[in-house]
Each structure stands twice: as structure tokens, then as C-alpha cells.
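For what it's worth, this note's numbering labels the leading residue of the sequence shown as 150, then goes sequentially. Here the structure is laid out as C-alpha cells; the discussion comes afterwards.
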Amino acid sequence: MSLFDRAKRHAWRMAVATMMAILFVLAIDMIYGHSTIAFAIAIVVLIWLNAPMLRFNCPRCGYNMFFRGMIVIPWPRRECGKCGLQLDAPEQS
């Protein structure tokens, strides 16, 4: 599996986690009323689940696949934005 495929899988996992966090906050809001604690819990869990994003780096230059300059985008690049290496090529074992 290529680095791009693993990063893409992480992006989909984060999309599902974000939807579940939204549903969690809405459910707590409907059951108990407005709760900033539920929102804080959802944010902390999403930050914890997104921490592996920082490990999706180009093997040649180390540039992260999710960064576009100083901005983080939720979808990875197919090629490195710094050195141009194709990141969707199958990895060598």
C-alpha cells in the first residue's frame, strides 16, 4: 500500500470521526441541554485521533503530505509539494 493510500485512509477515518463527534455533541445537547463539556471532549478526541497525520511525510525530503505551505488541508497530495516525488507509487519492501 502506498503512502498516499495510507494517508487517504487516514483522511476518510477523520471524516467519519468528525461526523461521529458532531452526532455526539448533538445527542448530548438534545438529552442534557447545551454542554460545552461535550464539545470539549469531542475536540480533544479529534485532536488525539488526528495526531498520526504528522507522520505522513515524504520519504525523500520529509515534507508533510497534508500541508500546503502554512495551511493544513484535510486531503493528502499525490506528489510531494517540495521535491515532486510521486507518493502514490507502491512502496518498495
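Glycine included, each C-beta is placed from N, C-alpha and C at the ideal position. None of these values were measured; they are calculated from a predicted model.
Could you check what DSSP says for residue i in three-state terms: helix, strand or coil?
i       : result
Met-163 : helix
Met-150 : coil
Ala-156 : helix
Ala-238 : coil
With a CB to CB cut of under 8 Å and the five nearest residues on each side skipped, what residues in its chain are close to residue i?
i       : result
Asn-206 : Tyr-212, Asn-213 and Met-214
Give me, in chain order, the residues of the same chain whose beta-carbon lies closer than 6 Å to that of residue i; leave out the 5 immediate sequence neighbours on both sides.
i       : result
Ala-187 : Val-174 and Ile-177
Pro-208 : none
Could you round the C-beta distance between residue i and residue j to whole angstroms and report it? I think they count as a contact, below 8 Å.
i       : j       : result
Ala-160 : Pro-223 : 6 Å
Leu-198 : Ala-164 : Contact flag wrong, Cβ pair sits at about 11 Å.
Return the chain-ordered ranges of every beta strand (DSSP E) run that is complete within the stretch 196-235 and spans a minimum of 3 residues.
none
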